[in-house]
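**Student:** One structure, as structure tokens, below. Some questions next.
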Amino acid sequence: MSSFKRDKKEEEDGGGNPFQNIEKTAVLQEARVFNENLINARKCTQILTKILYLLNQGEQLGSTEATEVFFAMTKLFQSKDVILRRMVYLGIKELSSVANDVIIVTSSLTKDMTGKEDLYRAAAIRALCSITDATMLQAIERYMKQAIVDKNPAVSSAALVSSLHMTKIAYDVIKRWVNEAQEAVNSDNVMVQYHALGVLYHIRKSDRLAVTKLVAKLTRMSLKSPYAVCLLIRIACKLLEEEDTANDSSLFDFIESCLRHKSEMVTYEAAHAIVNLRKTTSHELVPAISVLQLFCSSPKPALRFAAVRTLNQVAISHPAAVTACNLDLENLITDSNRSIATLAITTLLKTGAESSVDRLMKQIATFVSEISDEFKVVVVQAIRALALKFPRKHSVLMNFLSAMLRDEGGLEYKASIADTIITMIEDNPEAKEAGLAHLCEFIEDCEHTSLAVKILHLLGKEGPRTKQPSRYIRFIYNRVILENPTVRAAAVSAMSQFGALCPDLLENILVLLARCQMDTDDEVRDRATYYSHILKQKDQGLYESYILQPLQISIPCLERSLREYLEAPSDTPFDIKSVPLATVPTEEEKQATVQKTEGILTIGPSKPIPVSREENYTERLSTLPGIQTLGPLFKSSEIIELTESETEYVVRCVKHCYTKHMVLQFDCINTLNDVLLENVRIQLDPSEGYIILSEIPCSKLPYNELASSYVILQMPEDLPSCFGTFGAVLKFIVKDCDPTTGLPETDNGYDDEYILENLEITLGDHIQRLHKINWAAAWEAAAARGYIEMEDTYSLSSTNTLEEAVKNIVQFLGLQPQERTDIVLEGKTTHTLLLAGVFRGGIEVLVRTKLALADGITMQLTVRSPDSDIAELIISAVG
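In UniProt numbering, the protein residues as written are 1 to 879.
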């Protein structure tokens with residue numbers, strides 16, 4: 001053991017990195033020392049350290065180099081030096097994935113693994129398992145089982161962790177070690193108990209019933225390891241999330257009991273779990289919030305940080321529950337740890353009263369320059385939530401944000417501020433003028449192209465609708481003079497919108513566009529020429545179609561359609577209406593995205609183009625026989641569950657709508673491991689008018705694998721008949737099979753069937769959402785083009801509130817709400833909902849619904865569409 005000690009001189013030297021300038025070739029040359037008859041343990045240890053350092057720094061060894069070093073290293077097993085031996089084990093682990101014939105050391109490692117020297121055994125197990133594959137594992141299975149229940153905790157823990165890693169390559173072998181893992185769970189050692197529980201869970205995680213039994217058993221016994229209790233809490237949470245019931249089960253009771261655990265780690269894990277459960281009520285949050293409140297006054301910075309960070313997240317969804325901690329959070333504003341202070345003050349911003357906003361903003365200003373960009377973004381996120389909560393405070397918040405915008409910072413930080421100002425402009429009309437002024441000042445010195453383009457787009461959208469539109473022209477034209485081609489092109493587009501919406505500015509805009517036609521960049525010249533030509537026509541319909549309303553088709557689908565058109569030339573001109581629209585996210589999807597990214601919208605050229613649902617399915621559907629004759633895919637629905645998730649056969653349906661056809665995709669999963677299903681198909685009982693053209697069954701459905709069956713239908717010519725309810729039955733041939741191999745035990749099977757839930761075809765299945773930047777202009781343009789208008793009045797007896805009525809109308813019609821009219825302000829008794837969409841075949845639909853709340857809800861529905869049948873269909877469908 002003397003070799004563990006360092007000389008005093010070595011300890012005093014210190015400083016610097018002794019391996020900073022080493023080279024791979026020099027180290028490999030030194031490694032030849034391993035082949036000497038007399039092994040110098042100290043020198044060999046240093047060389048092995050250098051090799052490991054190089055590998056961990058990302059240096060790549062070729063297969064030949066690695067093999068030579070590996071075989072030289074195996075000769076070091078002759079040395080009895082403890083440090084050298086353990087370095088050899090580390091070397092084997094690192095080189096095992098690169099070198100050839102590494103199994104040559106199996107016998108040496110097995111000997112060390114089963115030997116009497118405890119210092120060798122744990123490391124030998126880890127090294128041995130790193131070179132063992134699925135075929136060799138059975139040879140050492142007996143030794144591994146013994147190691148798992150070994151009295152030495154280091155050996156037992158090493159065996160368990162290695163088993164956990166090997167579940168990826170040899171799950172069937174590892175699951176036979178469940179008895180040994182179960183015995184290790186009873187160990188007194190905290191790490192052994194934790195690792196044993198991890199192995200048990202991974203063995204059983206695919207069997208929900210087995211996991212439930214495991215959790216039920218372990219929650220009744222007192223686990224000594226706080227790490228194991230934390231893992232058990234996470235497993236219990238996963239089970240709770242998968243259940244459809246409320247949090248009133250024994251699992252939730254167990255998690256709540258952990259709030260009183262003696263370990264702070266477990267207490268925090270339980271509190272964190274409760275506040276993050278989706279179905280947690282405000283009443284159930286109280287004990288968890290109380291624990292986090294206690295941690296806020298802890299002398300340990302890590303606990304204070306964990307508590308305030310969790311409270312900060314809870315404040316987004318349950319601000320009222322966090323209000324009780326406001327006094328403790330105010331004490332943390334002066335915390336020496338700036339990260340804790342930042343999180344405390346941003347939490348207060350989310351939960352505080354309107355009267356405290358000014359005071360809190362002054363406190364933020366004192367230290368905001370001292371924190372990193374990451375925490376500045378958290379502050380900006382809190383200010384955004386505050387602006388939505390207290391619109392009257394927009395002036396104070398906007399001034400603070402503009403000051404932050406002038407400070408130094410990266411793209412993500414500046415983008416979060418700009419996005420917050422944009423949100424305030426869109427949500428609060430009173431903040432529009434001030435917000436646009438701040439953004440105009442910012443783009444004068446903005447060094448981020450993507451951010452400048454975003455702001456110019458906003459100026460083009462909102463600027464023409466302000467009291468003095470002309471004041472923004474100077475800022476936009478400055479970009480044409482001073483910026484790069486990308487920003488110049490965006491500025492040209494923004495100017496054209498002023499020309500389209502402000503007749504008194506049109507002549508000036510045409511002069512500026514004429515100057516832009518002499519730009520050095522072809523994109524800028526082309527845009528200027530394009531917009532100039534359209535504006536000279538002075539036709540509001542042209543403005544709406546080509547300037548104000550951008551093309552909303554799916555770009556990947558357009559590329560695919562053009563490629564197919566060029567590959568198969570036709571006398572028929574290419575029709576852009578045949579290209580599916582880009583999917584417009586719903587308000588729920590937008591909120592989920594904002595919460596997921598913590599309110600930060602990242603801007604940058606590396607961001608991939610979002611792929612529509614239709615594009616995802618087009619590739620898959622193209623392999624079906626006869627699908628090409630149906631034309632382009634118009635719309636794919638969301639997934640519809642036709643069975644319960646716990647049944648023996650799980651079936652989901654996706655409805656794919658074409659111009660005159662409907663393709664139903666049935667995704668099936670067999671959850672029984674002792675049967676194999678063949679010739680799996682769906683027998684439909686379609687409503688009147690639908691004709692089944694073909695059925696494409698799934699040939700085989702093994703255990704726990706997803707496979708699809710399809711039904712292609714021709715839709716009726718009569719539009720009202722397109723809606724209906726289909727009966728559905730899952731039919732298949734059942735064959736008994738071996739659960740371990742999945743192979744059928746006999747060639748003969750028997751026919752069976754399984755009744756599914758009814759499948760409904762609704763109006764929304766035939767309509768794609770469409771976003772209109774200026775809905776009022778589009779409504780007027782529709783009248784000018786001679787669109788058919790139909791109107792009717794209805795009494796909505798099934799709904800009691802305007803919010804519920806708006807939600808039901810949007811969901812039923814499948815149209816896109818415009819200009820945030822799907823949000824109903826509190827206390828209103830009247831509301832106007834504006835909608836837009838495209839019916840299959842590329843037919844535009846505009847809808848205006850006026851709602852009035854009295855004894856019930858009265859709705860006046862007005863529809864404009866170029867096709868009278870479509871307009872009548874929507875009117876009759878609502879009735």
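Note that beta-carbon positions come from the ideal geometry of N, C-alpha and C, so glycine has one too.
1) Taking contact to mean at least 3 C-beta pairs separated by less than 8 angstroms, is the stretch 260–277 in contact with the stretch 294–306?
2) For the putative contact between Val453 and Ala500, defined by C-beta atoms under 8 angstroms, what is the C-beta separation to the nearest angstrom?
3) Could you have a look at Val863 and say whether DSSP puts it in helix, strand or coil?
4) How far does the beta strand (DSSP E) with His661 in it extend, from its first residue to its last?
5) Answer with buried or exposed for Glu241, where buried requires no fewer than 16 other C-beta atoms within 10 angstroms of its C-beta.
6) Taking Gly198 as part of the alpha helix (DSSP H), name the residues at either end of that continuous run.
7) Go through the stretch 104–135 residue by residue and report every complete run of the alpha helix (DSSP H) that reaches 4 residues or more, in order.
8) Would DSSP call Asn679 helix, strand or coil?
9) Between the C-alpha atoms of Ile843 and Ile576, what's the straight-line distance to the nearest angstrom?
10) Does the beta-carbon distance from Ala387 to Leu397 come in below 8 angstroms?
11) Using beta-carbon positions only, say whether Glu523 and Pro485 come within less than 8 angstroms of one another.
12) Please tell me whether Ile773 and Leu548 are closer than 8 angstroms, where the distance is taken between their beta carbons.
13) What's the gap between the Cα of Lys590 and the Cα of Asn399?
14) Given a threshold of 16 other Cβ atoms within 10 Å of its Cβ, counted over all protein chains shown, does Gly460 qualify as buried or as exposed?
15) Taking all protein chains shown into account, decide if Met87 is buried (16 or more other Cβ within 10 angstroms of its Cβ) or exposed.
16) Once you ignore the five residues that flank Met1 on each side, which residues in its own chain have a CB closer than 8 angstroms to its CB?
17) Determine the burial state of Arg260: buried for a count of at least 16 other Cβ atoms within 10 Å of its Cβ, exposed for fewer.
18) Return helix, strand or coil for Asp328, following the three-state DSSP convention.
19) Out of Asp519, Ser496 and Arg563, state which residue places its alpha-carbon closest to the alpha-carbon of Asn508.
20) Who pairs with Ile640 in a beta bridge, going by DSSP?
21) With distances taken from CA atoms, which of Lys175, Ile755 and Lys655 is nearest residue 881?
22) I believe Cys698 touches Val680 by the beta-carbon criterion, under 8 angstroms. Please report the beta-carbon distance rounded to the nearest angstrom.
23) Return helix, strand or coil for Gln468, following the three-state DSSP convention.
24) Note down, in chain order, each residue of its chain lying with its Cβ closer than 6 angstroms to the Cβ of Thr219, except the 5 sequence neighbours on either side.
25) To which residues of the same chain is Arg309 closer than 6 angstroms at the C-beta, ignoring the five residues directly before and after it?
26) So Asp658 and Leu624 are supposed to be a Cβ contact under 8 angstroms. How far apart are they, rounded?
27) Unbroken alpha helix (DSSP H) runs of length 4 or more, entirely within the stretch 207–240: which are they?
28) So, is the C-beta of Arg652 closer than 8 angstroms to a C-beta in chain D?
29) What separation, rounded to the nearest whole angstrom, lies between the Cα atoms of Ser339 and Ile371?
30) Are the CB atoms of Asp822 and Val810 nearer to each other than 8 angstroms?
31) Are the Cβ atoms of Val847 and Val824 separated by less than 8 angstroms?
32) Short of 7 angstroms in beta carbon distance, which residues of its chain neighbour Glu641, apart from the five on each side in sequence? Order them along the chain.
33) Threshold first: 4 residues or longer. Then list the alpha helix (DSSP H) segments lying entirely within the stretch 484–541, N to C.
34) Do you know offhand how far Ser876's Cα is from Gly837's?
35) Return the chain-ordered list of same chain residues with a C-beta closer than 7 angstroms to the C-beta of Met790, the five sequence neighbours on each side being excluded.
36) Among all the DSSP beta bridges, which residues are the ones paired with Gln381?
**Tutor:** Let me lay it out:
1) Three or more Cβ pairs closer than 8 angstroms define a contact, and the stretch 260–277 meets that threshold against the stretch 294–306.
2) Counting from 1 along the sequence shown, the entry for residue 453 is found at position 453. Counting from 1 along the sequence shown, the entry for residue 500 is found at position 500. Not quite, the Cβ-Cβ distance comes to about 19 angstroms (not below 8 angstroms), so this is no contact.
3) By 1-based counting over the sequence shown, the position of residue 863 is 863. The answer is strand: DSSP assigns Val863 an E or B state.
4) Reading the sequence shown from its first residue, position 661 is the one you call residue 661. DSSP places His661 in the uninterrupted beta strand (DSSP E) bounded by His661 to Asn670.
5) The count along the sequence shown starts at 1 and reaches residue 241 at position 241. By the 10 Å Cβ count, Glu241 comes out exposed.
6) As a first step, residue 198 is located in the sequence shown; it is residue number 198 there, counting from the start. From DSSP, the alpha helix (DSSP H) with Gly198 extends over Val190 to Arg204.
7) With a minimum length of 4 residues, the continuous alpha helix (DSSP H) runs that stay inside the stretch 104–135 are 106–113 and 118–131.
8) Here residue 679 refers to the residue found at position 679 of the sequence shown. The answer is strand: DSSP assigns Asn679 an E or B state.
9) Along the sequence shown, one-based indexing puts residue 843 at 843. Along the sequence shown, one-based indexing puts residue 576 at 576. If I take the Cα positions, the gap works out to 12 angstroms.
10) Mapped onto the sequence shown, residue 387 falls at position 387. Mapped onto the sequence shown, residue 397 falls at position 397. In this structure, Leu397 lies closer than 8 angstroms to Ala387 by Cβ.
11) As a position in the sequence shown, residue 523 is number 523, starting the count at 1. As a position in the sequence shown, residue 485 is number 485, starting the count at 1. Yes.
12) Locating residue 773 in the sequence shown gives position 773, counting from the first residue. Locating residue 548 in the sequence shown gives position 548, counting from the first residue. Annotated as proximal: Ile773 and Leu548, with beta-carbon spacing under 8 angstroms.
13) Along the sequence shown, one-based indexing puts residue 590 at 590. Along the sequence shown, one-based indexing puts residue 399 at 399. Per-residue confidence for Lys590 stands at a pLDDT of 46, beneath the threshold of 50, marking its modelled position as unreliable; the derived number appears in the next sentence. Using only the alpha carbons, I get a separation of about 27 angstroms.
14) The residue given as residue 460 occupies position 460 in the sequence shown. With 16 or more neighbouring CB atoms inside 10 Å of its own CB, Gly460 falls in the buried class.
15) Taking the sequence shown and counting its residues from 1, the one referred to as residue 87 is at position 87. Counting Cβ neighbours within 10 Å, Met87 comes out buried, since at least 16 surround it.
16) Here residue 1 refers to the residue found at position 1 of the sequence shown. Note that Met1 scores 42 on pLDDT, short of 50, meaning its location in the model is unreliable; the coordinates nonetheless yield the value given after this. Counting only Cβ-Cβ distances below 8 angstroms, and skipping sequence neighbours, we find Val82.
17) Taking the first residue of the sequence shown as 1, we reach residue 260 at position 260. A residue is called buried when at least 16 other Cβ atoms come within 10 angstroms of its Cβ; Arg260 does not meet this threshold and is exposed.
18) Locating residue 328 in the sequence shown gives position 328, counting from the first residue. Of the three classes helix, strand and coil, the one that applies to Asp328 here is helix, per DSSP.
19) As a position in the sequence shown, residue 508 is number 508, starting the count at 1. With distances taken between Cα atoms, Asn508 lies closest to Ser496.
20) Along the sequence shown, one-based indexing puts residue 640 at 640. In the DSSP output, where bridge partners are listed per residue, Ile640 has Cys653.
21) With the chain covering 1 to 879 only, the question about residue 881 has no answer from this structure.
22) To locate residue 698, count along the sequence shown from 1; it is residue 698. To locate residue 680, count along the sequence shown from 1; it is residue 680. So it is a contact: roughly 4 angstroms between Cβ atoms.
23) Here residue 468 refers to the residue found at position 468 when the sequence shown is read from its first residue. Gln468 falls in the coil class under three-state DSSP.
24) In the sequence shown, counting from the first residue as 1, residue 219 sits at position 219. Excluding positions up to five away in sequence, the list reads Phe254.
25) The count along the sequence shown starts at 1 and reaches residue 309 at position 309. Contacts found: Leu343.
26) Translated into positions along the sequence shown, residue 658 becomes position 658. Translated into positions along the sequence shown, residue 624 becomes position 624. According to the sequence as given, residue 658 is Tyr; it is not Asp. Not a contact, Cβ separation roughly 12 angstroms.
27) Fully enclosed alpha helix (DSSP H) runs of no fewer than 4 residues occupy 208–220 of the stretch 207–240, in order along the chain.
28) No chain D appears in this structure, which consists of one protein chain only.
29) Walking along the sequence shown from the start, residue 339 turns up at place 339. Walking along the sequence shown from the start, residue 371 turns up at place 371. Ile371 has its alpha-carbon roughly 7 angstroms from the corresponding atom of Ser339.
30) Position 822 of the sequence shown, counting from 1, holds the residue named residue 822. Position 810 of the sequence shown, counting from 1, holds the residue named residue 810. Closer than 8 angstroms, so yes.
31) Counting from one through the sequence shown, the residue named residue 847 turns up at place 847. Counting from one through the sequence shown, the residue named residue 824 turns up at place 824. Taking 8 angstroms as the cut-off, the beta carbon of Val847 is found no closer than this to the beta carbon of Val824.
32) Walking along the sequence shown from the start, residue 641 turns up at place 641. If we look at Glu641 and ignore the five residues flanking it on each side, its Cβ neighbours are Arg652.
33) Listed in chain order, they are 485–501, 506–516 and 522–537.
34) Position 876 of the sequence shown, counting from 1, holds the residue named residue 876. Position 837 of the sequence shown, counting from 1, holds the residue named residue 837. Their Cα atoms are separated by approximately 17 angstroms.
35) Within the sequence shown, the letter at position 790 stands for residue 790. If you ignore the 5 residues before and after Met790, its C-beta comes within less than 7 angstroms of the C-beta of Val863, Ala871, Glu872 and Ile875, all in its own chain and listed in chain order.
36) Locating residue 381 in the sequence shown gives position 381, counting from the first residue. For Gln381, DSSP records no beta bridge to any residue.
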